[in-house]
Amino acid sequence: EVQLVESGGNLVQSGGSLRLSCAASGFIFRSYSMSWVRQVPGKGLEWLSDIRPGSDFMSYTDSVKGRFTISRDNAKNTLYLQMNSLRAEDTGVYYCARVGLFGGRDGVDNWGQGTLVTVCS
Amino acid sequence: DIQMTQSPSSLSASVGDRVTITCRASQGIRDDLSWYQQKPGKGPKRLIYASTSLQSGVPSRFSGSGSGTEFTLTISSLQPEDFATYYCLQHNSYPWTFGQGTKVEVK
Chain P
9 EVQLVESGGN
19 LVQSGGSLRL
29 SCAASGFIFR
39 SYSMSWVRQV
49 PGKGLEWLSD
59 IRPGSDFMSY
69 TDSVKGRFTI
79 SRDNAKNTLY
89 LQMNSLRAED
99 TGVYYCARVG
109 LFGGRDGVDN
119 WGQGTLVTVC
129 S
Chain Z
0 DIQMTQSPSS
10 LSASVGDRVT
20 ITCRASQGIR
30 DDLSWYQQKP
40 GKGPKRLIYA
50 STSLQSGVPS
60 RFSGSGSGTE
70 FTLTISSLQP
80 EDFATYYCLQ
90 HNSYPWTFGQ
100 GTKVEVK
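These protein sequence lines are chains P and Z, in that order. All residue numbers for the first sequence refer to this note's numbering, where the first residue is 9 and numbers rise by one. All residue numbers for the second sequence refer to this note's numbering, where the first residue is 0 and numbers rise by one.
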């Protein structure tokens with residue numbers, strides 16, 4: 009069974025930094041691209057970033073480009089999101105998500121339960 | 000960026016009703032579209048991938064159709080456990096983008 013468990017969410021001041029982690033199990037982590045998606049409380053979903061299995065390609069949405077960095081450690085089966093220069097509008101639940109084996113032809117096929125990030129001014 | 004326009008934003012329906020939700024892409028995305036169901040406090044769950052393919056374990060009352068720019072999720076006979084919020088996701092080109100969501104509520 010695929011399991012994705014996020015951690016690292018917290019209350020942080022505007023301008024601060026936070027690193028989220030996602031522990032993956034139940035599948036061959038090094039074979040899959042992975043993504044981060046966030047959800048403002050009571051609002052919709054926003055895709056943020058993804059990373060290829062070998063970390064040779066990453067993509068970001070404009071709202072986080074230059075502030076957030078996605079990375080992974082295949083030896084530890086763990087995905088990360090380093091978030092710098094945090095703003096109030098970054099408040100939300102952050103989901104770790106697995107991309108299907110066919111990448112862009114597949115989309116996200118499994119999700120974690122999310123971790124809450126709150127940015128206060 | 001590709002914009003996904005999802006409609007309606009909410010609907011009220013009764014158990015047994017047929018429900019249809021639509022997503023329109025601002026440019027062609029072939030069939031690179033998935034549908035998700037989300038219940039309060041939970042991560043989303045994929046229902047449909049490649050526009051029309053049913054995710055393993057998902058009831059057959061869920062179906063998807065469309066290609067290019069117009070896509071539809073249909074629930075043929077709404078069940079009590081189907082009251083939730085539904086989202087489409089285009090994964091044809093970066094940045095991937097979601098529809099705004101459709102909340103299916105009890106009538």
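Where a beta carbon is used, it is the ideal one built from N, C-alpha and C, also for glycine.
Residue i versus residue j - alpha carbon distance
{"i": "glutamine 47 (chain P)", "j": "valine 125 (chain P)", "result": "10 Å"}
{"i": "leucine 94 (chain P)", "j": "serine 22 (chain P)", "result": "5 Å"}
{"i": "isoleucine 36 (chain P)", "j": "lysine 106 (chain Z)", "result": "44 Å"}
{"i": "glutamine 36 (chain Z)", "j": "glycine 52 (chain P)", "result": "12 Å"}
{"i": "leucine 28 (chain P)", "j": "tyrosine 86 (chain Z)", "result": "24 Å"}
{"i": "glutamine 78 (chain Z)", "j": "proline 43 (chain Z)", "result": "18 Å"}
{"i": "aspartate 81 (chain Z)", "j": "tyrosine 48 (chain Z)", "result": "18 Å"}
{"i": "valine 20 (chain P)", "j": "serine 129 (chain P)", "result": "9 Å"}
{"i": "arginine 17 (chain Z)", "j": "asparagine 18 (chain P)", "result": "42 Å"}
{"i": "arginine 45 (chain Z)", "j": "valine 101 (chain P)", "result": "18 Å"}
{"i": "isoleucine 74 (chain Z)", "j": "serine 15 (chain P)", "result": "35 Å"}
{"i": "threonine 51 (chain Z)", "j": "threonine 21 (chain Z)", "result": "13 Å"}
{"i": "methionine 45 (chain P)", "j": "serine 13 (chain Z)", "result": "The residue asked about is misnamed: residue 45 (chain P) is valine in this sequence, not methionine. Computed Cα separation, rounded: 31 Å."}
{"i": "serine 25 (chain P)", "j": "threonine 77 (chain P)", "result": "11 Å"}
{"i": "glycine 74 (chain P)", "j": "tyrosine 88 (chain P)", "result": "16 Å"}
{"i": "lysine 41 (chain Z)", "j": "aspartate 64 (chain P)", "result": "31 Å"}
{"i": "glycine 34 (chain P)", "j": "tyrosine 93 (chain Z)", "result": "28 Å"}
{"i": "arginine 113 (chain P)", "j": "aspartate 98 (chain P)", "result": "28 Å"}
{"i": "serine 64 (chain Z)", "j": "proline 7 (chain Z)", "result": "17 Å"}
Contacting residues, own chain, Cβ-Cβ under 8 Å from residue i (five flanking each side not counted)
{"i": "glycine 115 (chain P)", "result": "Val107, Gly108"}
{"i": "serine 9 (chain Z)", "result": "Thr101, Lys102, Val103, Glu104"}
{"i": "serine 39 (chain P)", "result": "Pro61, Leu109"}
Near the ligand FAD: residue i beta-carbon under 8 Å from a heavy atom
{"i": "serine 43 (chain P)", "result": "Ligands are entirely absent from the displayed structure, and the ligand FAD is therefore not among its contents."}
Cβ pair residue i, residue j closer than 9 Å
{"i": "tryptophan 108 (chain Z)", "j": "aspartate 58 (chain P)", "result": "Any question about residue 108 (chain Z) goes unanswered here, given that chain Z covers just 0 to 106."}
{"i": "aspartate 0 (chain Z)", "j": "aspartate 70 (chain P)", "result": "yes"}
{"i": "serine 55 (chain Z)", "j": "histidine 90 (chain Z)", "result": "no"}
{"i": "threonine 84 (chain Z)", "j": "threonine 19 (chain Z)", "result": "no"}
{"i": "leucine 12 (chain P)", "j": "asparagine 118 (chain P)", "result": "yes"}
{"i": "serine 66 (chain Z)", "j": "leucine 53 (chain Z)", "result": "no"}
{"i": "alanine 83 (chain P)", "j": "valine 127 (chain P)", "result": "no"}
{"i": "valine 98 (chain Z)", "j": "glutamine 5 (chain Z)", "result": "One detail in the question is off: residue 98 (chain Z) reads as glycine in this sequence, not valine. Their beta carbons are under 9 Å apart, which means glycine 98 (chain Z) touches glutamine 5 (chain Z) by this criterion."}
{"i": "serine 76 (chain Z)", "j": "glycine 15 (chain Z)", "result": "yes"}
Those residues which DSSP pairs with residue i across a bridge
{"i": "valine 20 (chain P)", "result": "P:Val127"}
{"i": "serine 102 (chain Z)", "result": "Here residue 102 (chain Z) is lysine; the residue named in the question, serine, does not match the sequence. DSSP, once it has assigned bridges, lists Z:Ser9, Z:Thr84 as partnering lysine 102 (chain Z)."}
{"i": "leucine 26 (chain P)", "result": "P:Met91"}
{"i": "glutamine 89 (chain Z)", "result": "Z:Leu32, Z:Thr96"}
{"i": "isoleucine 78 (chain P)", "result": "P:Leu89"}
{"i": "valine 64 (chain P)", "result": "Position check: residue 64 (chain P) holds aspartate in this sequence, whereas valine was assumed. DSSP, once it has assigned bridges, lists no residue as partnering aspartate 64 (chain P)."}
{"i": "serine 52 (chain Z)", "result": "Z:Tyr48"}
{"i": "threonine 4 (chain Z)", "result": "Z:Arg23"}
Residue i: first and last residue of the uninterrupted beta strand (DSSP E) it sits in
{"i": "valine 13 (chain P)", "result": "11-15"}
{"i": "tyrosine 103 (chain P)", "result": "100-107"}
{"i": "tryptophan 34 (chain Z)", "result": "32-37"}
{"i": "isoleucine 20 (chain Z)", "result": "18-24"}
{"i": "glycine 65 (chain Z)", "result": "61-66"}
{"i": "glutamate 54 (chain P)", "result": "53-59"}
{"i": "glutamate 69 (chain Z)", "result": "69-74"}
{"i": "lysine 41 (chain Z)", "result": "Where lysine 41 (chain Z) is concerned, there is no enclosing beta strand (DSSP E), given that its DSSP letter is neither H nor E."}
{"i": "valine 48 (chain P)", "result": "Taken as a continuous stretch (DSSP letters only), valine 48 (chain P) belongs to no beta strand (DSSP E), as it is neither H nor E."}
{"i": "valine 116 (chain P)", "result": "116-119"}
Own chain partners of residue i with C-beta closer than 6 Å, once the 5 adjacent residues on each side are dropped
{"i": "serine 67 (chain P)", "result": "Asp58"}
{"i": "alanine 31 (chain P)", "result": "Val13, Thr86"}
{"i": "lysine 38 (chain Z)", "result": "Ala83"}
{"i": "valine 57 (chain Z)", "result": "Leu46"}
Spatial neighbours of residue i in its chain, beta-carbon cut-off 7 Å, leaving aside the 5 residues before and after
{"i": "alanine 24 (chain Z)", "result": "Ile1, Met3, Thr68, Gln89"}
{"i": "serine 43 (chain P)", "result": "Trp55, Ser57, Asp58, Ala105, Val107, Val116"}
{"i": "serine 41 (chain P)", "result": "Asp58, Ile59, Arg60, Pro61, Val107, Gly111"}
{"i": "glycine 122 (chain P)", "result": "Glu14, Val101, Tyr102, Tyr103"}
{"i": "valine 10 (chain P)", "result": "Gly34, Phe35, Arg106, Asn118"}
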